[in-house]
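Q: Numbered by mature numbering (1 follows the signal peptide of the UniProt record, and there is no 0), the letters in the sequence shown go through residues -20 to -1, 1 to 610 in order.
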Amino acid sequence: MAALLFAVVAVAASLPSTNAFVASTSRKGVVLTSSTADAYSDLSSTTNPALPSPNSSRRQHRITTPLAATAATTDFSSLTPTSKDECDVLVIGSGPAARAIATLLASPINKSANGDTSSSSPDILLADANYDNRWFPNYGVWQDEWESIRTMFSTFNQPLNNECIERTWEVTDCFFGGSFDIPVQERMRLDRPYCRVDRDALRRTLSPKDEVETKFAGEGSAKYRVTRANHISRATSVNVYSPSGSILHDEFGSTILLQSKNGEITQVRAKLIVDCTGHESSIVLKDDRCKSIPPGFQIAYGFLVKVDESSIPDANFVGPYYKEAMTLFDYRTDHFVENSEEEYKANKAPTFMYAMPLDSNRIFFEETSLVARPALSFQECKERCMTRLKHLGITVIDVEEEEYCYIPMGGPLPAKDQRVVGFGGAAAMVHPSTGYHLCRAMMGAGNVAKAIRDELQGSSWNPDRAAARAYDAIWSPSNIAQRNFAVFGGEFLMKQNVVGLRGFFDGFFKLPLPLWGGFLAGWPGLPNNDRHETWWARLVYGLTFVSKLPVSVALDMLGSIAAYCITEGVPLPQSVTPLLGLPDGYEYKEKPTTVGDVAAKAEARKMLAESAVEEIVPVYFTEEDEVLVV
């Protein structure tokens, strides 16, 4: 019962962080493009006036998924390398996580007391055949979190300039009306600034000068090298890969084969490999030695549009959305016909609108399923988005971009004792109950880079120790406990209907800002994370949060805690009580070595030499032999 009482705290973890949505726009992945006609072919029978005709103006259609970056072809009949390269650290991938960790790893290292940075930096090679592709996801961040990341980057002499932020809203709005006596039109205003990242400026900033066309000061300051090739490997067990020989590890480092789009093979020798190819990485295995809940999925349909302002009575608004505020959540369902099948589906599997007003009549809308298992369909999100806009009297006259977002949330952590270091989505760094990722990855890059650089500068290089230190910098025992707390949150959110989510969020944002802000961040180094990184802090947070919830939601949460503790065991109560210690981490442990008993062997030699049966008893060792059993 004591464990259950402490677990109540975990209730707090269930909160559906506002950034959940942000995460939907802060993932990295593979982007496919198609023609405008193809983009709208599945809606050819739709008469929704919010959807412009395919002939209006040029549009871009994108599908964003975190698929691993593997080789361009699958013909491995000849693996003979045509060229060779060597580096200290090989970073695979070229999204925000990859470029952030590569940039920090390659930054100058101070080797003298006077701060001299003239000495050479580590040699970092970044590999991705699609390095030149533009980043297409839309990224949203809390202003205070972004400023903390800028401060951390400055300690590596890597500035993030002001141009990395496209727009800042001083306030953030939410709509949770329609349940618990909250009027449908009631607006909850959060006095916390929110920002839209300029993805192109950030990409240029985290790139070497000779690889991009810079526009502003501070861009192109990264010092890593680039090779436009992908790995060709698939891990079959820990540190074993197919095709045979595509990745080989030894006591000094690793040798990996990379393939360019034209089929040429490059052999790279690296002291360490960091994989940033996303959630579905093929060379970073997930831990299967302990029970893990499968991931939930955040699905969203979004588009950047121009709207017809002639039908909007107040120029300060787009429908109900204030132009000087970012709308984080609109969970209302009054745009559906009462008692219709559409309303029933929206109540059972809720989605919310996320809106970023930009300049003039341009605005980014996104209809998002926060987390579900199985995932909601993209088509369902798109149709709900159009229905909502029509009801709100918002007429779209042009579509500049479309985005389809898919984010796995939760799931198992990386397997231990792997030589390849997963980072970003490959290390399951996405917030398990919100989908938030960009700020977590960029802040996490600092600690991981420091751990690897410390090992590179050490007196004796040990790649196993370096990999373990890097993983421990991502998932320390305390950070795993904090994640376990949030995993329960994601599971609780998945079982809620729209009424439960409205009550949940309404209570969540009635907490003091440091409490809800810290939960949304959920990563060491980000603002207010100290309110969540110890068991006591999580317990206080959880109990406070439950007190803010409607009675029905609070009771459901308590029941869910009890059921979760029964089915999943230790992780949740361990996160809110000291009685069960901390989860096992990734800290490096020396491999055991046993030396044979020299005295016993010497005695045996002497007795055998004096034995009358020496001639028929073979002696398999001499005095110079030393038996080592590893």
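From the three backbone atoms N, C-alpha and C, an ideal C-beta is built for every residue, glycine too.
What is the rounded straight-line gap between the Cα of A589 and the Cα of T573?
A: Going by the C-alpha atoms only, they are around 30 Å apart.
Q: Mapping DSSP to helix, strand and coil, what is F489?
A: coil
Q: State the beta-bridge partners of M389 as determined by DSSP.
A: G276
Q: Can you tell me the Cα-Cα spacing of G75 and N319, whole angstroms?
A: 44 Å
Q: Could you pull out every unbroken alpha helix (DSSP H) segment of at least 4 residues lying fully inside the segment 316 to 345, listed in chain order?
A: 321 to 328
Q: Could you check what DSSP says for D314 in three-state terms: helix, strand or coil?
A: Taken through DSSP and simplified to helix, strand or coil, D314 comes out as coil.
Q: Please report the distance separating the alpha-carbon of T348 from that of F232.
A: So the alpha carbons of these two residues sit roughly 46 Å apart.
Q: When the Cα of Q138 is compared with those of P163, G158, L182, C154, which residue comes out closest?
A: L182
Q: Counting pairs of Cβ atoms below 8 Å between the segment 419 to 439 and the segment 120 to 129, do you hit three or more?
A: yes
Q: How long is the line joining the alpha carbons of H229 and T547, rounded to whole angstroms?
A: Straight-line Cα distance between these residues: approximately 39 Å.
Q: Over what stretch of residues does the beta strand (DSSP E) that includes D564 continue unbroken?
A: Segment: none, D564 is in no beta strand (DSSP E) and carries neither H nor E.
Q: Roughly how many whole angstroms lie between the Cα atoms of E244 and D178?
A: 34 Å
Q: Does DSSP classify P(-5) as helix, strand or coil?
A: Interpretation of P(-5) is limited by its pLDDT of 35, a score under 50 that renders its predicted location unreliable; the figure taken from the coordinates is listed afterwards. Of the three classes helix, strand and coil, the one that applies to P(-5) here is coil, per DSSP.
Q: Roughly how many angstroms separate the alpha carbons of G402 and I432, rounded to a whole number?
A: Near 13 Å, if we compare the C-alpha coordinates of I432 and G402.
Q: Could you name the residues of the same chain whose beta carbon sits closer than 6 Å to that of S591, not counting the 5 residues immediately before and after it, in chain order?
A: none
Q: Please look up how many angstroms separate the CB atoms of N210 and D378, rounded, as I've assumed it's under 8 Å.
A: About 36 Å separates the two Cβ atoms, so there is no contact after all.
Q: Return the Cβ separation of D68 and P102 in integer angstroms, given the expectation that the two are a contact with Cβ distance under 8 Å.
A: A Cβ-Cβ separation of about 4 Å places D68 in contact with P102 under the 8 Å criterion.
Q: Using only CA atoms, which one of T148, P558, T60, P553 lies nearest to D339?
A: Nearest of T148, P558, T60, P553 to D339, Cα basis: T148.
Q: Would you say the segment 518 to 537 touches the segment 486 to 494, given that touching needs at least three Cβ pairs under 8 Å?
A: yes
Q: Go to S187, then tell me how far its beta strand (DSSP E) extends in each direction, as first and last residue.
A: Element bounds for S187: n/a, residue is neither H nor E.
Q: What first and last residue would you give for the beta strand (DSSP E) that runs through V69?
A: For V69, the enclosing beta strand (DSSP E) starts and ends at 63 to 72.
Q: Going residue by residue through the segment 413 to 487, where are the continuous alpha helix (DSSP H) segments of at least 4 residues, counting only ones entirely within it?
A: 418 to 437, 443 to 454, 457 to 474
Q: So the alpha helix (DSSP H) W515 belongs to, where does it begin and stop?
A: 515 to 528
Q: Give me the Cα-Cα distance between Y568 and G225, rounded to the nearest whole angstrom.
A: C-alpha separation (whole angstroms): 26 Å.
Q: Skipping 5 residues on each side, what residues in its chain have a beta carbon closer than 6 Å to that of V479?
A: S159
Q: Could you check what DSSP says for E381 in three-state terms: helix, strand or coil?
A: strand
Q: Closest by CA to A329, which one among T207, R364, S217, W503?
A: Here the closest residue by C-alpha is R364.
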